[in-house]
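Scroll down for the structure; my scribbles are underneath it.
Numbering (my numbering), first residue to last: 41 to 205.
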């Protein structure tokens, strides 16, 4: 069970285990906004609601430069596991401008690619191959990319994640 953590401005910050969320609530650092019905946590002295969404008492600032880190898994997820050149299933990533020519490890220079296209393209640019990208690679946006753990959401989180988008 996981819990969405919000700051004082109701902006999503992170997803934590319900145990961590319960510790924050018990130490009066957070309050429960949404809880899981019919699934309480039994303590030695008391019964607690199992938190689904908590609000931190003091944390207000959200970093302005929240950019999703560039990872192989992230590029494949952004491109829906489809090859940017032929559209078939992708298992690798490709540098549009090859690293040997100064291509960077950025969202704008990486695309999902099938093994066949990656091998054929080699150390060339799509223009040299006469190929076109099926879409322009961009950095992903939205709370599911900037808030860790929201790739698998709980229905109770939807109103709060919609505020962040």
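From the three backbone atoms N, C-alpha and C, an ideal C-beta is built for every residue, glycine too.
In DSSP terms, what residue i is bridged to
i: residue 180; result: For residue 180, which the question treats as bridged, DSSP gives no partner whatsoever.
i: residue 43; result: 56
i: residue 151; result: 134
Inter-residue spacing [alpha-carbon to alpha-carbon] between residue i and residue j
i: residue 85; j: residue 59; result: 17 Å
i: residue 43; j: residue 110; result: 25 Å
i: residue 92; j: residue 79; result: 11 Å
i: residue 96; j: residue 127; result: 44 Å
i: residue 69; j: residue 98; result: 7 Å
i: residue 124; j: residue 153; result: 6 Å
i: residue 201; j: residue 47; result: 12 Å
i: residue 171; j: residue 161; result: 9 Å
i: residue 194; j: residue 83; result: 25 Å
i: residue 179; j: residue 89; result: 38 Å
i: residue 67; j: residue 75; result: 17 Å
i: residue 146; j: residue 73; result: 37 Å
i: residue 156; j: residue 197; result: 40 Å
i: residue 52; j: residue 45; result: 6 Å
i: residue 174; j: residue 77; result: 45 Å
i: residue 159; j: residue 141; result: 17 Å
i: residue 54; j: residue 169; result: 43 Å
i: residue 143; j: residue 94; result: 42 Å
i: residue 107; j: residue 117; result: 16 Å
i: residue 112; j: residue 50; result: 31 Å
As assigned by DSSP and simplified to three states, the class of residue i
i: residue 48; result: coil
i: residue 175; result: coil
i: residue 68; result: coil
i: residue 156; result: helix
Cutoff 8 Å; reference residue i; Cβ partners in own chain excluding five residues on either side
i: residue 57; result: 41, 42, 43
i: residue 150; result: 110, 115, 133, 134, 135, 136, 177
i: residue 81; result: 58, 62, 87, 88, 89, 90
i: residue 199; result: none
Own chain partners of residue i with C-beta closer than 6 Å, once the 5 adjacent residues on each side are dropped
i: residue 64; result: 70
i: residue 148; result: 177
i: residue 228; result: Nothing in the structure corresponds to residue 228, since the chain is present only between 41 and 205.
Sequence-distant residues of its chain with Cβ nearer than 7 Å to residue i (five each side left out)
i: residue 121; result: 129, 130, 152
i: residue 119; result: 130, 151, 152
Quick one: which unbroken beta strand (DSSP E) runs of 3-plus residues sit fully inside the stretch 70-145? Chain order, please.
Entirely contained in the stretch 70-145, the beta strand (DSSP E) runs reaching 3 residues are, in chain order, 70-82, 87-96, 132-135.
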